[in-house]
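Here's the structure we're looking at; comments come further down.
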Amino acid sequence: MILFINKFSVDITQMTKHTLFVCKSCHRSSEELAENQPCDGSILLDKITSLYSEKFATEELEIQSVGCLWACSRGCVVALSSPEKPTYLLVDLPPDAENASALLEFTQMYINNRKGAFMWEKLPKELESAIFASIPSVLTKPEG
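Just so you know, we're using this note's numbering here: the sequence shown kicks off at 8 and counts up by one.
Pasting the structure below:
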């Protein structure tokens, strides 16, 4: 299936089945970073990729860093997406191992769920207040 976005065509059947986008420029403090100090988003990305390679590695997932997810006042921010499932935008994530692990647990649930839908009580407790938006798939059929 070819999807046209702003004059560009994308064959969504060639997309990775599931993608975890991690904003690498997020910083949870309004304080200026010292020179060569990594942003919180980069720290979270490193923790996610380390845990992923140790415990969760699957060909069903691509972890991709992005420059900005436009939710700067709500950092750290990630998005979990698949062509045929809703995209979840998660915000206010501390860049620690507990949240990285919870994100990968949620990602595994997402991969294993055919529709990508969840009941709130099934979410890892670290993420209960982190889900900011559930965005329908571009392949969602119109209602009615």
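Just so it is clear, CB atoms sit at the ideal spot from N, CA and C, and this is done for glycine as well.
As the structure is a prediction and not an experimental result, all values here were calculated from the model.
Quick check: what's the CA-CA separation for residue i versus residue j?
i	j	result
Cys83	Phe139	12 angstroms
Ile12	Pro93	For Ile12, the pLDDT reaches just 49, beneath the cut-off of 50, and the residue's location in the model is therefore unreliable, although a value from the coordinates is still provided. C-alpha separation (whole angstroms): 18 angstroms.
Ala109	Ser144	23 angstroms
Leu134	Leu97	8 angstroms
Glu66	Asn43	33 angstroms
Trp77	Ala86	11 angstroms
Trp127	Glu61	27 angstroms
Ala129	Arg81	Contrary to the premise, residue 129 reads as Lys rather than Ala in this sequence. Using only the alpha carbons, I get a separation of about 23 angstroms.
Tyr95	Glu39	29 angstroms
Lys31	Ala104	16 angstroms
Pro45	Ser88	25 angstroms
Can you find the residues in the same chain that come closer than 6 angstroms, C-beta to C-beta, to residue i, ignoring five residues on each side of it along the sequence?
i	result
Pro102	Asp47, Ile50, Leu51, Cys83
Which whole-angstrom value is the C-beta distance of residue i and residue j, which I expect to be below 8 angstroms?
i	j	result
Leu27	Pro90	14 angstroms between Cβ atoms; not a contact.
His25	Ile118	5 angstroms
Ala137	Ile55	Not a contact, Cβ separation roughly 14 angstroms.
Leu111	Phe63	5 angstroms
Output needed for residue i: all residues of its chain with C-beta closer than 8 angstroms, excluding positions within five of it in sequence on either side, in chain order.
i	result
Leu68	Thr23, Lys24, His25, Thr26, Leu27, Tyr59, Thr114, Ile118
Exercise. Using 8 angstroms as the threshold, is the segment 122-131 in touch with the segment 68-82, meaning 3 or more CB pairs across them?
Worked result: no
Problem set entry | Runs of beta strand (DSSP E) wholly within the segment 81-143 (minimum 3 residues, chain order) | 85-89, 92-97, 138-142
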